[in-house]
Amino acid sequence: MKAVVMTGAGAPDVLELRDLPVPRIERPTQVLVRLKAAGVNPIDTKVRQRGTFISNGSPDILGCDGAGIVEAVGSHVSAFGPGDAVYFCFGGLGGSQGNYAEYAVLEQHCLTPKPQSLSFEEAAAAPLVLITAWEALYDRARLCAGQRVLIQAGAGGVGHVAVQLAKGQGAAVVTTVSDTQKADFVKKLGADLAILYPEEDVVEAVLAWTEGDGVDVAFDTVGGETFYQTCEAVKVYGDVVTLLQPSELGNLKGARQRNLRIGLELMLTPMLLNLQEEQAEQAKILRECGRLFDGGSLRVEVNQVFPLAEAAEAHRQLEAGSMVGKLVLGMD
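Just add 1419 to the spot in the sequence shown (first one is 1) and you have our numbering.
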C-alpha cells in the first residue's frame, strides 16, 4: 500500500511517500479498512515536529481521522462487514498506525457508519473536531438551551462545528473571526454575532452583547494569552473550556474572583491512555453527529483536498494559519 511515513521529527519535509505491506487483522475484534480519505489536524503537525508519543519500531504514520470502506473483519466482529462505509478517529500518535495510508486496522468499537450525506473527504474531516467540540460544550461546560456562549476562532476546524453544536443546543452564539469573509461564513452557520478581533476589543464587544453580564460559557480553541482574555468575557459562576495550554504570563485572579469553572478538553485521552470504553463513547458521539449530518442540521467545511503524496504541503498550509474549515488527504 501507499503510505506517508515520518522519517524523523521536524519540518514537513520529513513526510515521505513509501510502499508498505497492507496491515493484517491480528485480533478477532479488528477490522481492516480501505481508506478513501484522511483528515489533517493540528495534532498531526505537532507530532511531526516533536515525534510520536509511542514508538514500536514500525514506520510512524500520522493521521487520527479516517474514512473508508471495510475490506475484511475479524471472526468476532458483528457490527460491520465488507463493503460498509465508515468513519472514525483512531491512530496517528505512535504505536497504532495512523491514516495517511491506503489501509488501516483498528478495533470495531472505534468505528461508526459514515453519514450517507457526506463524501468520504467530508467524513474524514469531521471526527476529531466533532468529538472535541461535543465534549467541550456538552460534557465539560454542560451547555444548556437559552445560554450565551463565546467560541473563539469560529471559522476554524473545531470552531465551525462548535458554532453549529451550540446553536443545536439552543444557545446564542458569539464568535471571533479575523476578517469579514469569515464573519459571513460563521453567520451562515448560525452565529448571532461575529467579532472581528483585529479591529474590536473582544471582551468589550462580548460585554456589550450581554448587557455587561458576560457569557455563560466560553470555549477557547486558541490557547495562550487568548485563554485569559476569554475568562474576562465570562459571567460570575460561568464556565470556560480550553483546548490548549494557557500562557504562563497570564493571571487567574479575575477568574478566581468571579468563581469561574475551568475545564480542559483533550479528546485524544482515550487513545493516549488506551481507554476502550471511552473510545466506544466517542464513536457514539460520531454516530449521533451522523444523524445530524443526514438530517441537515450539521455540516463540515472542507477547505481543500490534497493527494496523499502531498501531505507535506497540507502541513505547510495548516501551519500557515488562518484556515477556514479543514484540510483532507484523498487516497484516490
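Glycine included, each C-beta is placed from N, C-alpha and C at the ideal position. All values reported here derive from a predicted model rather than from experimental measurement.
To the nearest angstrom, report how far apart residue i and residue j are at their CA atoms.
i: K1601; j: A1733; result: 21 Å
i: V1492; j: I1681; result: 42 Å
i: A1739; j: Q1723; result: 14 Å
i: M1425; j: R1453; result: 21 Å
i: I1488; j: G1500; result: 9 Å
i: L1512; j: D1635; result: 34 Å
i: L1562; j: A1422; result: 40 Å
i: L1436; j: C1529; result: 26 Å
Go to residue i, then tell me how far its alpha helix (DSSP H) extends in each direction, as first and last residue.
i: R1437; result: Run containing R1437: none in the alpha helix (DSSP H); it sits in the beta strand (DSSP E), 1434 to 1438.
i: V1472; result: First, the residue type needs correcting, since residue 1472 is Phe and not Val in the sequence shown. That residue, F1472, is in no alpha helix (DSSP H); it is neither H nor E in DSSP.
i: Q1723; result: Run containing Q1723: none in the alpha helix (DSSP H); it sits in the beta strand (DSSP E), 1721 to 1726.
i: I1550; result: 1546 to 1553
i: I1681; result: Unbroken run through I1681 is the beta strand (DSSP E), 1680 to 1683; no alpha helix (DSSP H).
i: R1559; result: Where R1559 is concerned, there is no enclosing alpha helix (DSSP H), given that its DSSP letter is neither H nor E.
i: R1706; result: 1695 to 1713
i: L1537; result: Where L1537 is concerned, there is no enclosing alpha helix (DSSP H), given that its DSSP letter is neither H nor E.
Within 10 Å of its beta-carbon, does residue i have 16 or more other beta-carbons around it, so buried, or fewer, so exposed?
i: G1578; result: buried
i: K1672; result: exposed
i: K1465; result: exposed
i: S1408; result: Because residue 1408 is not part of the residues shown, which for the chain are 1420 to 1751, the question remains open.
i: R1567; result: buried
i: A1428; result: exposed
i: G1476; result: exposed
i: Y1522; result: buried
i: D1751; result: exposed
i: G1485; result: buried
i: A1554; result: Before going further, note that residue 1554 is Glu rather than Ala in the sequence given. Under this definition E1554 is a buried residue.
i: F1646; result: buried
Which residue from the options puts its Cα closest to that of residue i?
i: R1446; options: V1496, T1640, E1435; result: V1496
i: L1608; options: D1658, P1440, G1576; result: G1576
i: V1433; options: L1687, G1458, G1470; result: G1470
i: P1534; options: A1581, Y1506, L1556; result: Y1506
i: C1650; options: T1640, L1679, E1623; result: L1679
i: E1667; options: T1551, C1508, L1687, G1643; result: G1643
i: V1593; options: V1653, L1549, P1546; result: V1653
Can you name the start and end residues of the beta strand (DSSP E) that residue i belongs to?
i: M1425; result: 1421 to 1425
i: Y1522; result: 1522 to 1526
i: F1604; result: Counting along the chain, F1604 falls outside any beta strand (DSSP E), though it belongs to the alpha helix (DSSP H) covering 1599 to 1607.
i: D1635; result: 1634 to 1639
i: Q1449; result: 1449 to 1459
i: L1691; result: Run containing L1691: none in the beta strand (DSSP E); it sits in the alpha helix (DSSP H), 1688 to 1691.
i: R1567; result: 1567 to 1570
Kindly identify the DSSP beta-bridge partner or partners of residue i.
i: Y1506; result: A1486, T1531
i: T1649; result: BP columns for T1649 are empty, so no partner.
i: D1479; result: M1425
i: S1515; result: G1513
i: V1596; result: L1615
i: G1749; result: A1456, P1726
i: G1643; result: P1665
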